[in-house]
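I have placed the structure first, in the form of structure tokens, so that the comments after it can refer back to it.
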Amino acid sequence: MGQAHAADALHGKSLYLNGPPGGGAACARCHTASPAANINKVMSGADNPAAISAAIAANKGGMGNIYGGKFSAVDLADLAAFIGNPGVVAAPAASLNPSSLAFSGTALGQASSALSATLANTGSGALTIDTIGVTGAAAADFSIAGGTCAAGAAIAAGANCTVLVGFKPKVAGARNASLAVAHNGTGGSSSVALSGTGNATPQATIGVSAASVNFGALVTNVVSAPQSVTVNNSGQTALTFSAMTLAGANSAIFTLGGDCALDKPLASGATCAVTVRAQPTASGAFAGNLTLLSNAANGTVTIGLSGSGASAQAAATATPGALAFGSQAIGAAGAAQNVTLTNTGNVAFTFASLAVNGSAAIKVAPGSHCGVALAPGATCSVPLLFAPTAEGAAAATLVASYNGGTVQVAVSGTGTAAAVAKPTLSDTGTIGFGEIQVGKSAAPHTTVLSNPGTAALKIATLALDGANGADFILGGSCAVNGTVSPAGSCTIETSFKPGAPGARNASLLLLTDGGTQFSLPLTGTGTAIAAAPALTLAPQSFDFGTSAASKRFTLSNAGSAVINLSSANFSGPFARVADASACPALPFALQPGASCDMVIGYTPAAAGASNGSVVLQADGGSSWTIALAGQAAATPANTPPAQNRGGGGCSSVRDGSDPMLALLALMAAAVLFWRRRNPAQS
Numbered sequence: 001m002g003q004a005h006a007a008d009a010l011h012g013k014s015l016y017l018n019g020p021p022g023g024g025a026a027c028a029r030c031h032t033a034s035p036a037a038n039i040n041k042v043m044s045g046a047d048n049p050a051a052i053s054a055a056i057a058a059n060k061g062g063m064g065n066i067y068g069g070k071f072s073a074v075d076l077a078d079l080a081a082f083i084g085n086p087g088v089v090a091a092p093a094a095s096l097n098p099s100s101l102a103f104s105g106t107a108l109g110q111a112s113s114a115l116s117a118t119l120a121n122t123g124s125g126a127l128t129i130d131t132i133g134v135t136g137a138a139a140a141d142f143s144i145a146g147g148t149c150a151a152g153a154a155i156a157a158g159a160n161c162t163v164l165v166g167f168k169p170k171v172a173g174a175r176n177a178s179l180a181v182a183h184n185g186t187g188g189s190s191s192v193a194l195s196g197t198g199n200a201t202p203q204a205t206i207g208v209s210a211a212s213v214n215f216g217a218l219v220t221n222v223v224s225a226p227q228s229v230t231v232n233n234s235g236q237t238a239l240t241f242s243a244m245t246l247a248g249a250n251s252a253i254f255t256l257g258g259d260c261a262l263d264k265p266l267a268s269g270a271t272c273a274v275t276v277r278a279q280p281t282a283s284g285a286f287a288g289n290l291t292l293l294s295n296a297a298n299g300t301v302t303i304g305l306s307g308s309g310a311s312a313q314a315a316a317t318a319t320p321g322a323l324a325f326g327s328q329a330i331g332a333a334g335a336a337q338n339v340t341l342t343n344t345g346n347v348a349f350t351f352a353s354l355a356v357n358g359s360a361a362i363k364v365a366p367g368s369h370c371g372v373a374l375a376p377g378a379t380c381s382v383p384l385l386f387a388p389t390a391e392g393a394a395a396a397t398l399v400a401s402y403n404g405g406t407v408q409v410a411v412s413g414t415g416t417a418a419a420v421a422k423p424t425l426s427d428t429g430t431i432g433f434g435e436i437q438v439g440k441s442a443a444p445h446t447t448v449l450s451n452p453g454t455a456a457l458k459i460a461t462l463a464l465d466g467a468n469g470a471d472f473i474l475g476g477s478c479a480v481n482g483t484v485s486p487a488g489s490c491t492i493e494t495s496f497k498p499g500a501p502g503a504r505n506a507s508l509l510l511l512t513d514g515g516t517q518f519s520l521p522l523t524g525t526g527t528a529i530a531a532a533p534a535l536t537l538a539p540q541s542f543d544f545g546t547s548a549a550s551k552r553f554t555l556s557n558a559g560s561a562v563i564n565l566s567s568a569n570f571s572g573p574f575a576r577v578a579d580a581s582a583c584p585a586l587p588f589a590l591q592p593g594a595s596c597d598m599v600i601g602y603t604p605a606a607a608g609a610s611n612g613s614v615v616l617q618a619d620g621g622s623s624w625t626i627a628l629a630g631q632a633a634a635t636p637a638n639t640p641p642a643q644n645r646g647g648g649g650c651s652s653v654r655d656g657s658d659p660m661l662a663l664l665a666l667m668a669a670a671v672l673f674w675r676r677r678n679p680a681q682s
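First residue of the sequence shown? That's 1 in UniProt numbering, and the numbers climb one at a time after it.
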């Protein structure tokens, strides 16, 4: 049997004024715009859909011809509701659930996983949100952490939005506040009770410089150079490692090193390094992962390891690919610029020769350059000089030879007797920013562009380039189209704000109107605090009332990392109920974005109120609590079953000597005698 329809007077108003959904005349045509006028006795249908249905069936006033078969039972109920309440207007109604959010114990200064509340519009008009905030004595310990609700937004009838609340205690002990949402619905505001506990015990917080390490192309059966991952502790107490494990399909090819150790606690604010080497045994891709288990409040860290094995191959590149000195004064001291050579192959090699072919005005600067073995990924610099002795263009090619090939860089410049600018940078090599936490900025580095020449220079290009150019910031007083007079200078400020963990690289490019071109490499490493496991529970608390039944609780992984749930500890008369469609048996891994149901039963052993909880524990020490309650009713006293102690079932005599028995027997005998005397009537 279906549920009864809750009549919608607003929908009925639309039907009355506009006619049936399938088209046809409006009721208002015959009864005027307001049923309250009772034209043609329309008020007889007020809250009485049966009366409207009967009038259509009887074709009163031609209603059968107009509306026959055009109104559903729901339409008729809504229409009757409007006739009964012709003054109805659209109005919003707010419902904010759950009524309370309880955060698990959290160390002072640490942030817990956010919990969610849902604001639903159960009314018929748009619900407008005025403000969203936290109020109460401990309001400073809670914060709005996101969600889809926003001040000034409107929620359509039947729609909803969410508010995420975070908890970061500043004071030890129980902390209580309220999530308050002001709106235009009934009552003007809705609230959710917030509670949590601040733990004074300091905790460690682990961060890593990279979430993954790619070894690139390695030579099979040759041990790679070590790849390092920096581990930092931004918590308030020492970080202690309980395990460092290698796993995955090709875990056997990796070996660990570094100064992070199980017996070496990492002090608050300190760092250590874990190094990994790989030695692939076959050609093709390989993969694995490194897991760091510790006492960190933000859980376990897993670092992906990957690369590929291949035969030995030497390769190199040069930066910049072309070098321009621009105009230089004849007879002046030579202008200098650097070319950076990089080993992009998978074997170490030494450059056998560095030569410049072409104009004699362009030379390699005196000294030994790139004369040592270059490991895969390593770099070295070659300084070039341009000292023109005659007017006109000069061109040459730098040729760097190594085992297996050469790298060539085109070099150009122009000699002139006229006054010329002489752009000079205070930095000639790589600008490194070290390790910076993702989302934070490094202290700016200042590079001075000076002009000791005899003419002014104009900046034609000043930009950041490269794969990770967006992770670096450019500022300072130098600007495109800006002019630097003779003996003048301006500053270029660069900074590093990584958007992701791991090594980040870019280049600072500068080109002047005289044709001089500079390219300075920029490097930095982004470090990231491991994300705390983000498990959401729905509902977060539940009262079974007087029913000894079961309830499904949805566990959802709202984060970006796997949550390894290890145990569920129950207190009170509550226990997990086996269900084939629910979460698997513990322990199990809940993948990012996944969810499952845990079924919990309430089996009270005695009458009265029951309180308890289930604490879900994850690897790494994170835990979540569901508060549970119930009210067991008293068992009625045993009542003896009814007994037929009398002779006829309606007697109160218990010993069987009921006087009615003799009377009944006498009456039965009289009837038998009468039937024998009058057989024709029996």
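Using N, Cα and C, we set each Cβ at its ideal position, and we do this for glycine too.
Residue i, DSSP secondary structure in three states
{"i": "F71", "result": "coil"}
{"i": "residue 688", "result": "A question about residue 688 goes unanswered here, because the residues of the chain that appear run from 1 up to 682."}
{"i": "N18", "result": "helix"}
{"i": "L79", "result": "helix"}
{"i": "I253", "result": "helix"}
{"i": "H141", "result": "Here the sequence assigns Asp to residue 141, which means His is not the residue at that position. Reduced to three states, the DSSP call for D141 is helix."}
{"i": "L266", "result": "strand"}
{"i": "P35", "result": "helix"}
{"i": "S44", "result": "helix"}
{"i": "I362", "result": "strand"}
{"i": "V354", "result": "It should be noted that the sequence gives Leu, not Val, for residue 354. DSSP places L354 in strand when its eight states are reduced to three."}
{"i": "D551", "result": "Rather than Asp, the amino acid found at residue 551 in this sequence is Lys. Three-state DSSP puts K551 in a strand."}
{"i": "K13", "result": "helix"}
{"i": "N65", "result": "helix"}
{"i": "G469", "result": "helix"}
{"i": "K60", "result": "helix"}
{"i": "G612", "result": "strand"}
Burial state of residue i, where buried means 16 or more other Cβ atoms lie within 10 Å
{"i": "I303", "result": "buried"}
{"i": "A637", "result": "Note that A637 has pLDDT 48, beneath the 50 cutoff, so the model's placement of it is unreliable and no number is given."}
{"i": "I155", "result": "buried"}
{"i": "I39", "result": "exposed"}
{"i": "R645", "result": "A caution first: R645 carries a pLDDT of 42, below 50, which makes its placement in the model too unreliable to give a value."}
{"i": "A7", "result": "buried"}
{"i": "R29", "result": "exposed"}
{"i": "G207", "result": "buried"}
{"i": "D655", "result": "Low confidence applies here, because D655 scores a pLDDT of 44, under 50, leaving its location unreliable and the question unanswered by this model."}
{"i": "Q591", "result": "exposed"}
{"i": "V89", "result": "exposed"}
{"i": "L384", "result": "buried"}
{"i": "A316", "result": "buried"}
{"i": "F496", "result": "buried"}
{"i": "D579", "result": "exposed"}
Residue i: first and last residue of the uninterrupted beta strand (DSSP E) it sits in
{"i": "N451", "result": "445-451"}
{"i": "N160", "result": "160-167"}
{"i": "S95", "result": "94-97"}
{"i": "residue 731", "result": "In the structure displayed, the chain extends from 1 to 682; residue 731 sits before or after that span and is not available."}
{"i": "T275", "result": "271-278"}
{"i": "H369", "result": "Note, H369: premise wrong, no beta strand (DSSP E); not H, not E."}
{"i": "T416", "result": "405-416"}
{"i": "A296", "result": "From DSSP, A296 is part of no beta strand (DSSP E); its letter is neither H nor E."}
Whole-angstrom C-beta distance between residue j and residue i, which should lie under 8 Å
{"i": "V222", "j": "Q279", "result": "7 Å"}
{"i": "G198", "j": "P169", "result": "3 Å"}
{"i": "Q517", "j": "L511", "result": "5 Å"}
{"i": "F71", "j": "P20", "result": "6 Å"}
{"i": "V339", "j": "V409", "result": "5 Å"}
{"i": "G185", "j": "A93", "result": "5 Å"}
Enclosing alpha helix (DSSP H) for residue i [first to last residue]
{"i": "C30", "result": "28-31"}
{"i": "I56", "result": "49-57"}
Cβ contact (3+ pairs, closer than 8 Å) linking the stretch 443-458 and the stretch 369-388: Touching, no.
Any 3 or more C-beta pairs closer than 8 Å across the stretch 334-347 and the stretch 310-319: Taking 8 Å as the limit for Cβ pairs, the verdict is that the stretch 310-319 does touch the stretch 334-347.
The stretch 67-83 contacting the stretch 11-27, beta-carbon criterion three pairs below 8 Å: Yes, the stretch 67-83 touches the stretch 11-27.
Three-pair Cβ contact test at 8 Å for the stretch 431-442 versus the stretch 214-224: Flag = no, the stretch 431-442 and the stretch 214-224 do not touch.
The stretch 178-190 / the stretch 227-242 touching (three or more Cβ pairs under 8 Å): They do not touch, by the three-pair rule.
Three-pair Cβ contact test at 8 Å for the stretch 396-416 versus the stretch 324-339: The stretch 396-416 is in contact with the stretch 324-339.
Sufficient close CB pairs (3 or more, under 8 Å) joining the stretch 279-298 to the stretch 388-401: The stretch 279-298 makes no contact with the stretch 388-401: fewer than 3 CB pairs, one atom from each, lie closer than 8 Å.
The stretch 93-100 touching the stretch 537-547, judged by at least three CB pairs closer than 8 Å: Between the stretch 93-100 and the stretch 537-547 there are three or more C-beta pairs closer than 8 Å, enough to call the two in contact.
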